[in-house]
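Chains as they are written, first to last, in our numbering: chain A, 428 to 548; chain B, 1044 to 1370; chain C, 143 to 643. Ideal Cβ positions, reconstructed from N, Cα and C, are used throughout, including at glycine. Since the structure comes first, as structure tokens, the remarks are kept for the end.
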Amino acid sequence: MLERLFINHYQTAAVILSGIGLTNLLLQRNLIKKIIGLNIMNSAIFLFLAAKGNINPLPSVMALAGIVITLSLTAFALALTLKIYEDSGTLNIDEALLKKTKEQEELEAIIEQAEEEEIFS
Amino acid sequence: MNEDTKEILKKFFDWVVGNGPRPENEVVSPEPPPDLPFTQRPRDRYSRFREATLRERYNQWLELHGFHIFSILYSALSVLMCVVIVSLLLATVAELPPTLSTSQRPSPAHNEVIRRYVEHAPRETGAQNIVAGLLHRYRGFETFGESAVMFTSAVSVLMMLGASRRNKFNRELSPKDAASGRNFLQRGPPDEPILREAAPILIPVILMAGCAVIINGHISPGGGFAGGAILGMALILAANAYGFGRVHEFFDERAFVISTSTALIVYTLSCGYDFFTGANQLQTFIPNGTIGNILSGGLILPANICLGFMTAGTLYAFYVLFSEGDM
Amino acid sequence: MMNSFAFNIPFVSIFLLMLAAIVTPLLPKRNRLPEKLSCCVVGLVAILSAWLLYSLTSYGQSLTFNYSMGHYPAPWGSELRAGPLEAVLALFFCVAMLLSLTGNFSSTAEDIAPDRRQIFCSLVNLLMASLLALTYTNDLFTAYIFVEINTIAACAIVAAKDDPEATRSTMRYMVISVTGSALIIFAICLLYELTGYLSMQHMNGAIRALVSAKSYLLPLSVALALMTVGLAIKSALYPFALWLPDVYVNLTNASGAILSGLVIKGHIFLLIKIFYRVFGLDLIHMLHMDTAIFILGLLSMIVGSVHALREMNIKRMVAWSSVAQVGYIFLGIGLNTSAGIAAACLHIIVHASVKTMLSTAAGGLSNAAGHKKGLHALMGTFYINRWAGLGLIAGAFSMMGIPAFAGFASKLSLTMASFDHSFIVWSLAGLAVSSVMNALYYVPAVIVVLTHNKEAREDFTASAPPTLYKVSMFVFLALNFYLGLFCVPLLRLITRGVNAL
């Protein structure tokens, strides 16, 4: 098996890179790093396509489409990140989520207090 | 059932329901008269100190630790998924046909499709660049889809970062400028002598290179997306050297929307013409021209120009929206 | 032969929607012109799809045709393909989309700022175009590109509501969705490398040759698994559906209806086409993918209902119920017979129309209660917005599978389809348990809505629903009863379509 992997070394590298990208996309808590993971993963797919495109023009077309799609996805994800940063002041998605829940708790506490006062009066 | 088990069961029941520890001097309430309605019967539970029920304790615990546990679970699942996918793919790659050596069995991907592309594409499409011919004629629908993906992303980013938050942004994020009553448009160019000196030399060259890549897209490597990206870089360079205000004079949000939409409408109509005549086997009135001339390849040249306009505008819009938060 | 314009309808409907999407940002914002344009174009496409369906079925036997996009036929160029099944699905998708747009016409104006609404309409048109392209496409690479359009447009529709919580849930949705896309494109690359084709039917021929030569079986099954998991992530099958409820809570009413009713369905139908047209049912059975899908579907049905039982927020409840309903569809696909897939397609249609109605109704009710989403807050809202109340009741009955409501038809056909199958016990047990659980969480919601609540009624600020809402809800209800009472001809049509797929 190792021998075959060396023969298809471009594809092997592409698969390992895409694994690295996928892990980054799923596990990084920092949004910018997540987006970098997304880009690594998609670049690995271009490498996978380029590996067999020596005389075949179709993989080039697929890779071009992939590049345009990755650009669009990255731009959209960055816009989301910018919005999240403006709203919560952090790039860490866990902190952003937690922050909101704290705000909600405060709000709920206020509402509860108001309700209790109403009941006792 | 003996007394001990009963006692344990009772304690367990109290623990679940949330009854406090039984006081030593508990007065067992007398048996209520049977004719009392159900709701008015005294209940044992309220005579004791009340604790949280099991469910409440579970919810509290979940509130305290739930997020932590969720993230651990998520990480574990993600790692598992990644490992499984990568090992499966590695096993697959070992099985795949060898790509670069031609000695063993031929790769199944080498079939009549590629033969026609390589041998007949220039003659059939009129484009010397096989990839351009493939992109615009054989697989025009995919390229149309790509341009739609880019358009989708451009309008979404514009929606999130564009006009609707202009006032909010200027108030909140640049207090210094807001205090002096200026927004990014009135701010002068940055004090970068190298940039200012180099820009007048570089921008025309970049613009020319971009136009050449677009116009020669069907003859040599390049095309609408690549050339448009180069043109967009020229716009970004101009904005950095001379200030956003100068670019804003001729390319603001409205101009961006109008140019992008117009270019895409023209491109869509030309694609639609191509697909409609192709599917209905009608004669097209657009000649393929001589291979290698600028005016060849049928609708590829106008399509490349439209895509170039769209890409240039979109890239510049992304840059301005991300760096300044406005357009 | 078919009349020549009807032949062009798949292409014309996709291009009309695309053109509408591109023109929308240029339109003036006054008079809500962009939204009216969207409604008109979607309505027009619905009429065109009905015409296509009529001309496809008026020939005694059902007819399918390939429509090459360009001057080059299939293995070289890309193709669309239309048959009765595609036409039926396109028709119902358009109707559901139109009704969810008109039904939420006024609430969209409240939820989304005018500047954003224009682009929101453009995105809705793009979403609809990509749905139709996914329905009609005969080429895997085209499918991938339109999957991506669908992803970005769906995410942007979620983010259209300018709200921090919505932005955050969009980010999570996006991460999961992009993972799914990456798996899909990897599968497509593998399949292309193995077969050398991108067109579905040519790929099928090459795969058959590979299987009979017993070569490359591992890469084939890995490609199939990646494709299935990728599309399952996008269509909210249970273990991959954890993103769904958080996204749905923060949606506006219109986007909730669109996302739960329609976006998911395009990917499921693409999966059906890949199973049926690229691999073939016998190969799916040989690689045991049908069992895996069946088990996941069963799991989704049960676990989705359990989660819905625990929810006190009506939008989250409807979202988890969506997961359960997706489980029904995958159960039908997992039966791996043409009857099972026909039942799954019928359930796609039923769920597309019922879920859009439920989302619209739930939105109307929570608006009537002053934008509260907790079940307790909805007490007595039936008496403020009776049409929304009726919609909720009919939708709930439909989900439970009460006869004469739409859900009954699809559950019945799923049951019938599982009779001559070895999984019959599991399938029937799953259907029974899930239906009971549906009743357990929908009946309390109905009771709460119907309970008189004198004190709270003064707090409710909402006035009577606008006429457009009433009309859309009426059409929704009519559609529901049509599907429940007269589904036999529709099911026959779908079966013919599946056989011709």
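Please list, in chain order, the residues of the segment 500 to 530 of chain A that have any C-beta partner in chain C closer than 8 Å.
The residues in question are L500, F503, A504, L507, T508, K510, I511, D514, S515, I520, A523, L524 and K527.
Just to confirm the assignment: which complete alpha helix (DSSP H) runs, minimum length 4, are found wholly within the segment 452 to 499 of chain C?
Those alpha helix (DSSP H) runs which fall completely within the segment 452 to 499 of chain C and span 4+ residues are 456 to 477.
Determine whether the Cβ of E290 of chain C lies closer than 7 Å to any Cβ atom of chain B.
Chain B contact via Cβ: present.
Helix or strand or just coil, what does DSSP make of F1294 of chain B?
Here F1294 of chain B sits in coil by DSSP.
Out of C:F288, C:A396 and C:L621, point me to the one whose CA is closest to E177 of chain C's CA.
The candidate whose alpha carbon is nearest that of E177 of chain C is C:A396.
Is the segment 469 to 477 of chain C touching the segment 433 to 450 of chain C, taking contact as three or more C-beta pairs under 8 Å?
Yes: at least three Cβ pairs fall under 8 Å.
What's the call for L632 of chain C, buried or exposed, on a 16-neighbour Cβ count within 10 Å?
Label assigned to L632 of chain C: buried.
Express the C-alpha separation of F524 of chain C and L507 of chain C in angstroms, rounding to a whole number.
Taking the straight line from one Cα to the other gives about 7 Å.
Check whether chain A comes within 7 Å of C1349 of chain B, counting only Cβ atoms and requiring the distance to be less than that.
Chain A contact via Cβ: absent.
For L373 of chain C, tell me which candidate among C:K356, C:T293, C:A486 and C:A530 has the shortest Cα-Cα distance.
Measuring from the Cα of L373 of chain C, the nearest candidate turns out to be C:T293.
So which of A:L476, A:F503 and A:S515 has the shortest CA-CA distance to I299 of chain C?
Comparing Cα-Cα distances from I299 of chain C to each of A:L476, A:F503 and A:S515, the minimum goes to A:F503.
For the alpha helix (DSSP H) containing N457 of chain A, list its first residue and its last residue.
First-last for N457 of chain A: undefined, no H or E at that position.
Between the beta-carbon of F547 of chain C and the beta-carbon of G626 of chain C, is there less than 7 Å?
For F547 of chain C and G626 of chain C, yes; Cβs fall inside 7 Å.
Determine, for V1192 of chain B, whether the minimum Cβ-Cβ distance to residues of chain C falls below 7 Å.
By this cut-off, V1192 of chain B is an interface position.
Strictly below 9 Å CB to CB, what residues from chain C border K461 of chain A?
In chain order: M313 and V317.
Can you find the residues in the same chain that come closer than 6 Å, C-beta to C-beta, to G1176 of chain B, ignoring five residues on each side of it along the sequence?
So the qualifying residues of the chain are A1164, T1168 and A1170.
With 7 Å as the threshold, decide whether the Cβ of S1146 of chain B is near any Cβ in chain C.
Here the model assigns S1146 of chain B a pLDDT of 45, short of 50, so the residue's position is not dependable, and the following value carries that caveat. It does not: the Cβ of S1146 of chain B has no partner Cβ on chain C nearer than 7 Å.
Give the secondary structure of F207 of chain C by DSSP, where H, G and I count as helix, E and B as strand, and everything else as coil.
F207 of chain C falls in the strand class under three-state DSSP.
Mind reading off the beta-carbon distance from P484 of chain A to Y1362 of chain B? Whole number of angstroms is fine, and I expect it under 8 Å.
Rounded, the Cβ-Cβ distance is 32 Å, inconsistent with contact.
Which residues, in chain order, does the segment 452 to 486 of chain A contribute to contact with chain B at a C-beta distance below 8 Å?
Cβ contacts with chain B come from L453, L454, A478, K479, N481, I482, N483, P484 and L485.
List the residues that DSSP assigns as beta-bridge partners of L222 of chain C.
Note: L222 of chain C sits in a beta bridge opposite C:Y209 and C:T279.
Please tell me whether V320 of chain C has its Cβ less than 7 Å away from any Cβ of chain A.
It does; some Cβ of chain A falls within 7 Å.
Under 6 Å Cβ to Cβ from A484 of chain C, same chain only, skipping five residues before and after it: list those, please.
Same-chain partners within the cutoff: I636, T637 and V640.
If I measure Cβ to Cβ from M577 of chain C and keep anything under 8 Å in the same chain, skipping five residues before and after, which residues do I get?
Reading off the sequence shown, one finds Ser at residue 577 of chain C, where the question assumed Met. Excluding residues within five positions, the ones whose Cβ falls inside 8 Å are M542, G543 and K553.
Since T166 of chain C and L179 of chain C should fall inside the 8 Å C-beta cutoff, what is the C-beta to C-beta distance between them, to a whole number of angstroms?
Their Cβ separation, rounded to whole angstroms, is 6 Å, which keeps T166 of chain C and L179 of chain C in contact under 8 Å.
Quickly, what does DSSP pair G347 of chain C with across the bridge? List them, please.
DSSP output for G347 of chain C lists no bridge partner at all.
Counting Cβ pairs closer than 8 Å, one from the segment 147 to 158 of chain C and one from the segment 1284 to 1298 of chain B, do we hit at least three?
The answer is no - the segment 1284 to 1298 of chain B does not touch the segment 147 to 158 of chain C, with fewer than three Cβ pairs under 8 Å.
Select from C:M211, C:F207 and C:C236 the residue whose C-alpha is nearest the C-alpha of P226 of chain C.
Nearest option by C-alpha distance: C:F207.
For G549 of chain C and V496 of chain C, which I take to be in contact (beta-carbon distance under 8 Å), what is that distance rounded to the nearest angstrom?
That pair is a contact at about 6 Å.
Nearest to Y583 of chain C by alpha carbon, out of C:V613, C:K171, C:F539 and C:L610?
When only C-alpha atoms are compared, the closest one is C:F539.
Taking three-plus beta-carbon pairs below 8 Å as touching, is the segment 562 to 573 of chain C in contact with the segment 511 to 523 of chain C?
No, the segment 562 to 573 of chain C is not in contact with the segment 511 to 523 of chain C.
Ignore the nearest five residues each way along the sequence and tell me which others in L570 of chain C's own chain have a CB closer than 8 Å to its CB.
Correct list, in chain order: T557 and S560.
Is the beta carbon of I987 of chain B less than 7 Å from the beta carbon of L1342 of chain B?
In the structure as shown, chain B begins at 1044 and stops at 1370. Residue 987 of chain B is therefore absent and cannot be evaluated.
Okay, do the segment 489 to 506 of chain A and the segment 459 to 473 of chain A touch, 3+ Cβ pairs below 8 Å being the bar?
Segments in contact, yes.
Could you tell me which chain A residues have their CB closer than 9 Å to the CB of Y1160 of chain B, listed as they occur along the chain?
Within 9 Å Cβ-Cβ: N483, P484 and L485.
Using DSSP with H/G/I as helix, E/B as strand and the rest coil, what is S341 of chain C?
Strand, per DSSP.
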